[in-house]
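Peer 1:
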Amino acid sequence: KAGVTQTPRYLIKTRGQQVTLSCSPISGHRSVSWYQQTPGQGLQFLFEYFSETQRNKGNFPGRFSGRQFSNSRSEMNVSTLELGDSALYLCASKRTSGNYNEQFFGPGTRLTVL
Amino acid sequence: SQQGEEDPQALSIQEGENATMNCSYKTSINNLQWYRQNSGRGLVHLILIRSNEREKHSGRLRVTLDTSKKSSSLLITASRAADTASYFCACDNNAGNMLTFGGGTRLMVKP
């Protein structure tokens, strides 16, 4: 099976702009989660989508939003970019084995905000 | 706040030696997972240990879980230069819908 893919891999934006990142999960995986990784805060959970519905949300401002399509592909959007939004954004899809979930991560999108 | 805290933050060893990384967490978990990350790339899932398991092996990896102490350890035996990476523990909350990561251990294996 192909792994989780994320596009674009690298992105440079300026403050105030908005950005959309895309994630295609492993075939058959219906859950997609997004994480932000920064040197200062580490890996932080943004949100999780399952069957086109946001099922869980981390502690991020409303500028961060996402959605999931019927084919399980997901996008996340960050509006009014700030310098602190510079980070590696990781997407993960999940296979559920009983009550225990293993997440498979994509290579990430590195966003730089100037 | 991060659920898992890892120790040490950085570890440097010679090839062939064993590497041990520890993770402590605060609240009850459904399972605990370990991931590897090479130089700012995506995370690679290494091993998952369930809350009712105490030890698990996968190749050169050995993971233990002590729920009474809320701690886990990852042992990499006979390390190789290719094991150089950051290693993260991740706690799966009881809802199973999100992972809470520790700060990671940066492992350097010198040839």
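Protein chains in written order, with our numbering: chain A, 1012 to 1125; chain B, 2 to 112.
Backbone N, C-alpha and C define an ideal beta-carbon position, used for all residues, glycine too.
The model shown is predicted, which means the values in this text are computed figures rather than measured ones.
Please give the ranges of any beta strand (DSSP E) in the segment 1026-1111 of chain A, keeping only runs that are unbroken, at least 3 residues long and fully inside the region.
Peer 2: 1030-1035, 1042-1049, 1053-1061, 1064-1068, 1075-1079, 1085-1089, 1098-1108
Peer 1: Which value, in whole angstroms, describes the spacing of the CA atoms of L66(B) and K57(B)?
Peer 2: 9 Å
Peer 1: Near R1041(A), which residues of its chain fall below 7 Å by C-beta distance, leaving aside the five closest residues on each side in sequence?
Peer 2: F1061, S1062, S1083
Peer 1: In chain B, which residues lie with their C-beta within 9 Å of the C-beta of S1044(A)?
Peer 2: Around S1044(A), the beta-carbon contacts reaching into chain B at under 9 Å are N98, M99, L100.
Peer 1: Where does the unbroken beta strand (DSSP E) through R61(B) begin, and where does it stop?
Peer 2: First-last for R61(B): undefined, no H or E at that position.
Peer 1: Using 10 angstroms around the beta-carbon of R1020(A), count the other beta-carbons present and answer buried if the total reaches 16, otherwise exposed.
Peer 2: exposed
Peer 1: For A1013(A), does the three-state DSSP call read helix, strand or coil?
Peer 2: In the structure shown, A1013(A) adopts coil according to DSSP, grouped into three states.
Peer 1: Just to confirm the assignment, what range does the beta strand (DSSP E) spanning Q34(B) have?
Peer 2: 32-38
Peer 1: Per the contact definition of three or more C-beta pairs closer than 8 Å, is the segment 1098-1106 of chain A in contact with the segment 1046-1053 of chain A?
Peer 2: yes
Peer 1: What residue from G43(B), G41(B), L62(B) has the CA that sits closest to L49(B)'s CA?
Peer 2: It is L62(B).
Peer 1: E1113(A) touches chain B at which residues, Cβ-Cβ below 8 Å?
Peer 2: Q34, H46, L49
Peer 1: Within 8 Å of any Cβ in chain A, is that where the Cβ of D93(B) sits?
Peer 2: yes
Peer 1: Going straight from the alpha carbon of P1118(A) to that of I77(B), what length do you get?
Peer 2: 24 Å
Peer 1: Measuring only the C-alpha atoms, how far is R37(B) from S73(B)?
Peer 2: 15 Å
Peer 1: Check the Cβ-Cβ distances between E1086(A) and every residue of chain B, and say whether any is below 8 Å.
Peer 2: no
Peer 1: What residue range is occupied by the uninterrupted beta strand (DSSP E) comprising K1024(A)?
Peer 2: In the DSSP annotation of this structure, the continuous segment of the beta strand (DSSP E) that includes K1024(A) starts and ends at 1021-1024.
Peer 1: Tell me, please, whether the CB atom of P1036(A) is closer than 8 Å to any CB atom in chain B?
Peer 2: no
Peer 1: Following the continuous beta strand (DSSP E) through A20(B), name the residue where it begins and the one where it ends.
Peer 2: 20-26
Peer 1: Measuring only from the beta carbon, is S1104(A) closer than 7 Å to any heavy atom that is part of the ligand MN?
Peer 2: As presented, the structure is devoid of all ligands, the ligand MN included, so that no description of it is given.
Peer 1: Three or more beta-carbon pairs under 8 Å between the segment 75-92 of chain B and the segment 1029-1046 of chain A, yes or no?
Peer 2: Judged by Cβ distances under 8 Å, the segment 75-92 of chain B makes no contact with the segment 1029-1046 of chain A, as fewer than three pairs qualify.
Peer 1: Taking a cut of 9 Å between CB atoms, which residues from the segment 54-75 of chain B lie near chain A?
Peer 2: none
Peer 1: Identify the continuous beta strand (DSSP E) that holds D93(B) and give its terminal residues.
Peer 2: 86-93
Peer 1: Between which two residues does the beta strand (DSSP E) holding M99(B) run?
Peer 2: Per DSSP, M99(B) belongs to no beta strand (DSSP E) and is neither H nor E.
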